[in-house]
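Peer 1: For the sequence shown, the residue numbers in the working numbering are 31 to 168.
For reference, the structure I am asking about is given below.
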Amino acid sequence: MMRILRPVDGAALVCVHPGDGQVEHYPPLAAELAWRGPILGVEAEPGTQRLDELAAHYADQLAAHRPGALLGWALGGVIAAELSRVLVERGHRITSLAVLDSRVPPPEILAPPTDPAPPPRSPAPPRPALQPRTPPPP
């Protein structure tokens, strides 16, 4: 869910929620920042657990806004980094990424689980060369 922390025109600074899912920590910081555009807060929504899914979902939500920079604290920093990657892939210009007090998350939320690769197939045995048939004697 998007919360508008400072409504003005221009490219937005997007503040991504930390592990508690809330953006209530950001308004005091937003008041001190020299950012001239709007400041948006991205709050967590139930159900999505993987980092790639969160970033894609948040990028969809940001489509109506003009994200210009991202800020994330703790887990929000990790999400903001992935969100930045997704937004750039979708054609947005992200000028800054600020990551505050973040750690690398556990592997289960970093990437989708992958199916183990099937074992390599052994090559088929060579076929015997065809021999010309000789006609039976008369």
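Where is the CB? At the ideal position from N, CA and C, for every residue including glycine.
Determine the DSSP secondary structure at S114, reduced to helix, strand or coil.
Peer 2: For the purposes of this step, residue 114 is identified with residue 84 of the sequence shown, where counting begins at 1. DSSP places S114 within a helical segment (H, G or I) once states are collapsed to three.
Peer 1: Exposed or buried, G40, counting other C-beta atoms within 10 Å across all chains shown (16 or more means buried)?
Peer 2: Start at 1 with the first residue of the sequence shown, and residue 40 comes out as number 10. Exposed: under 16 other Cβ atoms inside 10 Å.
Peer 1: Could you spell out where the alpha helix (DSSP H) holding A86 opens and where it closes?
Peer 2: By one-based count along the sequence shown, residue 86 stands at place 56. 81-91 is the span of the alpha helix (DSSP H), which, as asked, contains A86.
Peer 1: What's the gap between the Cα of H95 and the Cα of A42?
Peer 2: As a first step, residue 95 must be located in the sequence shown, where it is residue number 65. As a first step, residue 42 must be located in the sequence shown, where it is residue number 12. The straight-line gap from Cα to Cα measures roughly 7 Å.
Peer 1: On the premise that A104 lies in contact with D82, defined as a C-beta separation below 8 Å, what is that separation, rounded to the nearest angstrom?
Peer 2: Here residue 82 refers to the residue found at position 52 of the sequence shown. Here residue 104 refers to the residue found at position 74 of the sequence shown. About 19 Å; that fails the 8 Å criterion.
Peer 1: For E112 and A85, I'd like the C-alpha separation in whole angstroms.
Peer 2: Counted from its first residue, the sequence shown places residue 112 at position 82. Counted from its first residue, the sequence shown places residue 85 at position 55. So the two alpha carbons sit approximately 6 Å from each other.
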